[in-house]
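Chemist: A single structure is presented below for examination.
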Amino acid sequence: MLADGRFPAGGHAHSGGLEAAVVAGRVSDPGTLEAFLRGRVATSGAMAAAFAAAACAAFDGPPEGPERHRTRLAETDSEPETGTDPETGTGTETGGQGRISALDTELEARTPAPALRATSRKLGRQLLRTARAIRPHPGLDALAAALHDAATGPATAAVRLLGLDPFAVHAVLARLAPDLDRLATAATARANAPAAELPAYGAPSLDISAELHATWEVRLFAS
16 MLADGRFPAG GHAHSGGLEA AVVAGRVSDP GTLEAFLRGR VATSGAMAAA FAAAACAAFD
76 GPPEGPERHR TRLAETDSEP ETGTDPETGT GTETGGQGRI SALDTELEAR TPAPALRATS
136 RKLGRQLLRT ARAIRPHPGL DALAAALHDA ATGPATAAVR LLGLDPFAVH AVLARLAPDL
196 DRLATAATAR ANAPAAELPA YGAPSLDISA ELHATWEVRL FAS
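Structural data, given as structure tokens:
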């Protein structure tokens with residue numbers, strides 16, 4: 016449901032950098048769209064997936080196994096609710112909130128373009144508002160997350176910007192599925208890693224395009 020373009024979280028108003036790429040002539044047909052999407056999901060998409068998995072794990076807890084067993088033993092030692100997190104070096108808070116705060120700080124540092132940081136915050140607030148209405152959860156009050164629709168958002172935008180055949184665009188998405196599965200598996204494997212050790216993949220072209228796009232007086236998409 017979260018990946019559905021009709022989900023009222025504002026993603027439909029953003030092209031994920033595709034509008035600027037189209038105007039620059041870098042994307043013009045299904046082939047160049049596929050190349051753009053592959054690059055996007057392997058960089059900013061993979062990074063976003065790792066942080067999303069870590070945010071979920073902050074509330075779900077570590078997976079079962081030796082590490083989880085040691086965690087449970089530590090929990091019996093009446094560890095204080097506030098202090099310094101040895102993994103992140105930041106202050107800890109009750110439950111998963113300290114972890115979320117550390118993840119938020121690290122993701123902010125990995126998003127150098129002010130335009131993309133503003134977009135991330137806006138989409139995060141809209142997603143949070145919608146999630147609270149659909150499925151309230153106390154942990155949502157600590158979240159400051161954004162839904163980076165790395166593949167389907169730009170693909171949908173391509174239909175509107177270039178008038179591409181929707182069937183051809185969805186064929187591109189289908190070909191991307193194995194890559195998305197691989198990246199999702201890799202992100203899940205890092206879900207309990209220290210926040211500072213999560214991926215920091217960069218996409219300088221998207222960063223520069225985002226800043227230029229933000230200065231346009233006339234544009235179809237917000238980003």
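With our numbering, you'll find the sequence shown wraps up at 238, consecutive numbering, no jumps. Where a beta carbon is used, it is the ideal one built from N, C-alpha and C, also for glycine. This structure is a prediction, so every number in the text was calculated from the model and none was measured.
1) Which value, in whole angstroms, describes the spacing of the CA atoms of A73 and Q112?
2) Taking the continuous alpha helix (DSSP H) assigned at L179, which residues delimit it?
3) I need the straight-line Cα distance from D196 to A229, nearest angstrom please.
4) Should the segment 200–217 be regarded as contacting the segment 24–43, the criterion being three or more beta carbon pairs within less than 8 Å?
5) Should the segment 179–199 be regarded as contacting the segment 216–225, the criterion being three or more beta carbon pairs within less than 8 Å?
6) Output yes if chain B places a C-beta closer than 8 Å to the C-beta of L195; else output no.
7) Report the three-state DSSP secondary structure of H228 (helix, strand or coil).
8) Return yes when the Cβ of L191 is within less than 8 Å of the Cβ of L33, no when it is not.
9) Classify R147 as buried or exposed, calling it buried when 16 or more other Cβ atoms lie within 10 Å of its own Cβ.
10) Just to confirm my understanding: we take R234, look at its own chain, exclude 5 residues before and 5 after, and list those with CB closer than 7 Å. What are they?
11) Looking at the secondary structure, which residues open and close the alpha helix (DSSP H) in which E49 lies?
12) Under 6 Å Cβ to Cβ from H163, same chain only, skipping five residues before and after it: list those, please.
13) Check L33 in the structure and name its three-state DSSP category.
14) Would you decide whether E49 is buried or exposed? Buried here means 16 or more other CB atoms lie within 10 Å of its CB.
15) Hey, how far is the Cα of E226 from the Cα of G60?
16) Which residue from E212, A172, T203, S224 puts its Cα closest to that of D44?
17) Taking the alpha helix (DSSP H) that A146 falls in, what are its first and last residues?
18) Report the three-state DSSP secondary structure of S93 (helix, strand or coil).
19) Run through DSSP, which three-state label would S220 get?
20) Buried or exposed, going by whether 16 or more other CB atoms sit within 10 Å of the CB of T200?
21) Note down, in chain order, each residue of its chain lying with its Cβ closer than 8 Å to the Cβ of D194, except the 5 sequence neighbours on either side.
22) On the criterion of 16 or more Cβ atoms from any shown chain inside 10 Å, does A160 qualify as buried, or is it exposed?
23) According to DSSP, is T120 helix, strand or coil?
Modeler: So, to answer that:
1) 8 Å
2) Looking at the DSSP string, L179 is not in any alpha helix (DSSP H), and its letter there is neither H nor E.
3) 32 Å
4) Pairwise C-beta distances place the segment 200–217 out of contact with the segment 24–43, as fewer than three of them are shorter than 8 Å.
5) no
6) Absent from the structure is chain B; it holds one protein chain and no more.
7) helix
8) Contact check for L33 against L191 fails: the beta carbons are separated by 8 Å or more.
9) A residue is called buried when at least 16 other Cβ atoms come within 10 angstroms of its Cβ; R147 does not meet this threshold and is exposed.
10) E34, H228
11) 45–55
12) For H163, the pLDDT reaches just 35, beneath the cut-off of 50, and the residue's location in the model is therefore unreliable, leaving the point undetermined.
13) helix
14) buried
15) Distance between E226 and G60, taken at the CA atoms: about 19 Å.
16) Nearest of E212, A172, T203, S224 to D44, Cα basis: A172.
17) 129–149
18) A caution first: S93 carries a pLDDT of 37, below 50, which makes its placement in the model unreliable, though a value can still be read off. S93: coil per DSSP, three-state reduction.
19) helix
20) It counts as exposed.
21) Result list for D194: R53, V56, A57, in chain order.
22) Here A160 scores only 33 on pLDDT, less than 50, and its place in the model is too uncertain to base an answer on.
23) helix
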